[in-house]
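One structure below.
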Amino acid sequence: MYKGKKVTVVVPAYNVASHIQQVLKTIPEFVDQVVVVDDCGSDETGQLLAQVTDSRVVVFKHESNQGVGGAMVTGFKRALKDGSNLIVKMDGDGQMDPQYIPHLLDPLIEEGYGYAKGNRFLDNAELRDMPTLRLLGNYGLTFLTKLASGYWHVFDPQNGFVALKAEALQKIDLDHIAKRYFFENDMLVHLNIFGYRVKDVPIPARYGQEASSMSILEVLVTFPVYLFKRFWYRIYQKDILRDFSPIALFWVCGLALFSWGFLFGAYTWAKSSFLQQFASTGTVMLSVLPLMMGFELMLQAIILEIKESPK
Ligand SMILES: Nc1nc2c(ncn2[C@@H]2O[C@H](COP(=O)(O)OP(=O)(O)OP(=O)(O)O)[C@@H](O)[C@H]2O)c(=O)[nH]1
Ligand SMILES: [Mg+2]
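Residue numbers for the sequence shown, in numbering that gives the first Met the number 0: 0 to 310.
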């Protein structure tokens, strides 16, 4: 128990034989339950887990590989079934220092937050530990995640060291959460639909010898697509279904006008430069006016979203 709350730590484990024992050994005493989800890797993680003697540990073995999100959802469901109040995610590869667990739990218990997550960027000195390419990718994806999730004050959305209230987990549709690396970003999108407040907690990055199985190229190609889809999912779920907000109207009209203005403008420009003719003022206005209005409406939508971002 931690401050009167039952705490479950969920550990997704995929090919982490070299770290998993150490990770489990260092889990603090106040943690009531540890759910390890062996995600069907190819190393000895499974055998090592069979030797664990800590009575708090429950091991699940997936029949087939489901990815970090799939492993987390299995762990979440078990924690909810067992009546946990607070759930923490800690990776099996030793990148998360358990001494920070209370830093994540306190805002949930004492400050009314629904979700707390690590932020590696709040501690500048530690930024040096992060490989450059990963750093740049992180900045770009952070901006896109702000747009998609509507949490404008949240940084480092890719951070996997998170804790949340069981109450928030009960509301979100766990079977709709992305199963692979998009998991952390997708949690934010789903939490914002219910307006849960999210706290960024400074936690330094820890990169050791563990092999990264994350392909940067894959992430850069797939994440923007996911984020675009999830953006509209959130607008629909939050600003149309649950509360008709002008934000939805501004986004839909803004994007439509902007796209029309841009495409029509590009087409007319290509046509007139090919035929060496001037476009008429009316034709120019047909592109410029919607383009500007659309841009303005989208800007309004962003400003409203920043204002309403659950802080
Ligand atoms: N790569 C990978 N990890 C999984 C999978 N299922 C569960 N996991 C676990 O999810 C956690 C996060 O995966 P990592 O590959 O370390 O991702 P990351 O920490 O965001 O990225 P790195 O900085 O490269 O470690 C680890 O504890 C993995 O063991 C899976 O299918 N693939
Ligand atoms: Mg990792």
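Cβ atoms here follow ideal geometry from the backbone N, Cα and C, with glycine treated the same way. Since we're looking at a predicted model, the values are computed, not measured.
Count the CB pairs spanning the stretch 178 to 194 and the stretch 226 to 238 that are closer than 8 Å, and state whether there are at least three. yes
Reference G117, options G136, R205 and K306, closest by Cα: R205
Looking at the secondary structure, which residues open and close the beta strand (DSSP E) in which D199 lies? V197 to P201
Taking just the CA atoms, how far does E43 sit from H18? Using only the alpha carbons, I get a separation of about 11 Å.
Could you please give the first and the last residue of the uninterrupted alpha helix (DSSP H) stretch that includes F230? First-last of the alpha helix (DSSP H) with F230: I215 to R233.
What would DSSP say about D105, mapped onto helix, strand or coil? helix
What runs of the alpha helix (DSSP H), each 4 residues or longer, lie entirely inside the stretch 238 to 304? 245 to 274
Can you tell me the Cα-Cα spacing of V197 and V57, whole angstroms? Taking C-alpha positions only, V197 is separated from V57 by approximately 28 Å.
Contact check, R179 vs G69, beta carbons under 9 Å: yes
For I202, the nearest candidate out of L303, M95, L168 and Q46 (CA to CA): M95
Run the proximity test for A70: is its beta-carbon closer than 8 Å to any non-hydrogen atom belonging to ligand 1? Yes, the Cβ of A70 comes within 8 Å of a heavy atom of ligand 1.
Within the present structure, is the beta-carbon of D90 separated from the nearest heavy atom of ligand 2 by less than 8 Å? yes
Distance, L296 Cα to V87 Cα: 39 Å
Proximity winner among L256, L104 and M284, relative to W268 (alpha-carbon distances): M284
Please report the distance separating the alpha-carbon of E183 from that of V287. 39 Å
Reducing DSSP to helix, strand and coil, say where P11 ends up. strand
Hey, is the stretch 69 to 82 in contact with the stretch 8 to 17, meaning 3+ C-beta pairs nearer than 8 Å? yes
Short of 7 Å in beta carbon distance, which residues of its chain neighbour I176, apart from the five on each side in sequence? Order them along the chain. G68, V72, F182, D185, M186 and H189
Measuring from the CB of G342, is there a heavy atom of ligand 2 at a distance below 8 Å? Residue 342 lies beyond the residue range present for the chain, which begins at 0 and ends at 310; the question has no answer from this structure.
What number of angstroms, rounded off, separates the C-alpha of V30 from the C-alpha of M89? Going by C-alpha positions, V30 is about 12 Å away from M89.
Measure the alpha-carbon distance for D53 versus Y1 and round it to whole angstroms. 18 Å
Is Q157 near ligand 1, in the sense that its beta carbon is under 8 Å from a heavy atom of that ligand? Yes; taking the cut-off as 8 Å, the Cβ of Q157 has a heavy atom of ligand 1 nearer than that.
Quick one: is G111 buried, meaning 16 or more other Cβ sit within 10 Å of its Cβ, or exposed? By the 10 Å Cβ count, G111 comes out exposed.
Residue environment, A162, which counts as buried when at least 16 other CB atoms sit within 10 Å: buried
Can N191 be considered in contact with ligand 1, in the sense that its beta carbon sits closer than 8 Å to one or more heavy atoms? no
Since I believe G159 is in contact with I311 (beta carbons under 8 Å), could you give me their beta-carbon distance rounded to a whole number of angstroms? Limits of the chain in this structure are 0 at one end and 310 at the other, which puts residue 311 out of reach.
What's the C-alpha gap between Y150 and G139? 15 Å
Apart from the five residues on each side of it in sequence, which residues of its chain come closer than 7 Å, Cβ to Cβ, to L168? F75, L79 and I86.
Work out the CA separation of Q157 and L132 for me, nearest whole Å. 14 Å
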